[in-house]
Amino acid sequence: MPIRVEWRDDGHQLRPEDPVTILRFEVSDLNQVMKSAVAASPSYVPLLEACGLTPRDRLLPLSCFAVTQTWTPSRLARTTHYKHYRQVAARVLLDAGYLLIPTSVFDDNAPDARNEVHYELIVISGHNLRLGEFAGTRPDRAAARRRLAPAFRAVLELLGEPLALPAVEP
Amino acid sequence: MADTVVKLVVTAEVPPNARPSGYVYIHDVELAGDENLNVGTRVEIRDEGGCYLSATVDDITKDELGRRYRLHLGA
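Heads up: the sequence lines are chains A and B, in that order.
Just so we're aligned, residue 6 is where the first sequence starts under our numbering, counting upward by one.
Just so we're aligned, residue 33 is where the second sequence starts under our numbering, counting upward by one.
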């Protein structure tokens, strides 16, 4: 089984009064960011209702983490090869109207060790995303990416400029 | 005349659990569209840090957007 995602009730939760920082690991190729979000979209169908969406809707998520005293950027990056990350106060994203939902991710049924601080930042949702075009011909795919790129650029801009990761902790 | 060797490179973020489990998944929508991956096709995965991992397609499933390929790392 590939990726499975569940709404997370445990671990770190966002509260309006908390100055939470949200981290997103940087993937410099915007096309790759979009394609990964589209590929992940079917895994989020079970969460649509909890997100206030209808069964016809689809959402495009970006995997993010809450930075805490114990979950530092370098610890979050352990066992990955990321070199940069972006981070911003959760309030900035919420005030801009983005949805941040707490989720647990399971890869082949194995929970990600970082699940207690994992969130999905929903870039865009709706019933007219035409995600099937991402599986079409090369021109179809390019057109689909051009159509959705502004939504991804906008959220990445809010996340701030990429920062270099410190040396990864052993 | 020497044979031509074509290396098929796919780009994918490799989750932390994937490296010990040995499996990475990639979806049709993440590809260019003309790779024609089948079970047994050998690929090179370019991960989030630009590192290359060898892998072989060992299973194919379908969802609402198309085919999802399971890649066995190191195979």
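Backbone N, C-alpha and C define an ideal beta-carbon position, used for all residues, glycine too.
Check your understanding: If contact means a Cβ-Cβ distance below 9 Å, which residues of the stretch 74 to 102 of chain A contact chain B?
Key -> Arg-83, Thr-84, Thr-85, His-86, Tyr-87, Lys-88
Practice item. Given a cut-off of 9 Å, decide if A:Gly-16 and A:Asn-114 are closer than it, judged by their beta-carbon atoms. Key: no
Practice item. Would you give the residue range spanned by the beta strand (DSSP E) that B:Leu-103 belongs to? Key: Counting along the chain, B:Leu-103 sits inside the beta strand (DSSP E) bounded by residues 98 to 105.
Review point. Does the distance from the CB of A:Phe-30 to the CB of A:His-123 come in under 9 Å?
Key: no
**Study point:** Which of helix, strand or coil DSSP assigns to A:Met-21
**Key:** Note on identity: in this sequence residue 21 of chain A is Pro, with Met being the wrong assignment. A:Pro-21 falls in the coil class under three-state DSSP.
Exercise for review: Quick one: list the residues of chain B neighbouring A:Thr-59, beta-carbon separation under 7 Å, in chain order.
Suggested key: Result: empty, since nearest Cβ-Cβ is about 15 Å, beyond 7 Å.
Review point. What separation, rounded to the nearest whole angstrom, lies between the Cα atoms of A:Ala-42 and A:Pro-66?
Key: Those two C-alpha atoms are separated by around 6 Å.
Check your understanding: Quick one: what does DSSP say A:Ser-43 is sitting in, helix, strand or coil?
Key -> Checking the sequence shown, residue 43 of chain A turns out to be Val, not Ser. If DSSP states are grouped into helix, strand and coil, A:Val-43 belongs with the helices.
**Study point:** Backbone CA spacing between A:Pro-175 and A:His-86 [nearest angstrom]
**Key:** The predicted position of A:Pro-175 is uncertain, since its pLDDT is 49 and thus under 50; no value can be drawn from it.
Point to revise | Same chain only: Cβ atoms within 8 Å of B:Gly-106, ignoring 5 sequence neighbours per side | key: Gly-54, Leu-85, Ser-86, Ala-87
Review point. Count the other CB atoms within 10 Å of the CB of A:Arg-143; is the residue buried (16 or more) or exposed (fewer)?
Key: exposed
Point to revise | chain A residues whose Cβ lies nearer than 8 Å to that of B:Thr-43 | key: Asp-34, Gln-37
Check your understanding: Can you tell me the Cα-Cα spacing of B:Arg-100 and A:Pro-47, whole angstroms?
Key -> 11 Å
Check your understanding: Where does A:Ala-94 fall in DSSP's three states?
Key -> strand
Check your understanding: Got a sec? Which residues, its chain only, sit under 6 Å from B:Pro-73 by beta carbon, not counting five neighbours each side?
Key -> In the sequence as presented, Pro is not what sits at residue 73 of chain B; that position holds Thr. Cβ neighbours of B:Thr-73 beyond the five flanking positions: Val-89.
Exercise for review: Determine, using beta carbons only, whether A:Pro-175 comes closer than 9 Å to chain B.
Suggested key: Legend: pLDDT at A:Pro-175 = 49, less than 50; position of this residue unreliable, no value from coordinates given.
Point to revise | Test: B:Ala-64 CB closer than 9 Å to a CB of chain E | key: Annotation note: the requested chain E is absent from the structure, which comprises protein chains A and B.
Check your understanding: Taking the Cβ atom as the reference point for each residue, do A:Leu-81 and A:Leu-163 lie within a distance shorter than 9 Å?
Key -> no
Exercise for review: Consult DSSP for A:Ser-33 and reduce its assignment to one of helix, strand or coil.
Suggested key: coil
Exercise for review: Return the chain-ordered ranges of every alpha helix (DSSP H) run that is complete within the stretch 134 to 159 of chain A and spans a minimum of 4 residues.
Suggested key: Those alpha helix (DSSP H) runs which fall completely within the stretch 134 to 159 of chain A and span 4+ residues do not exist here.
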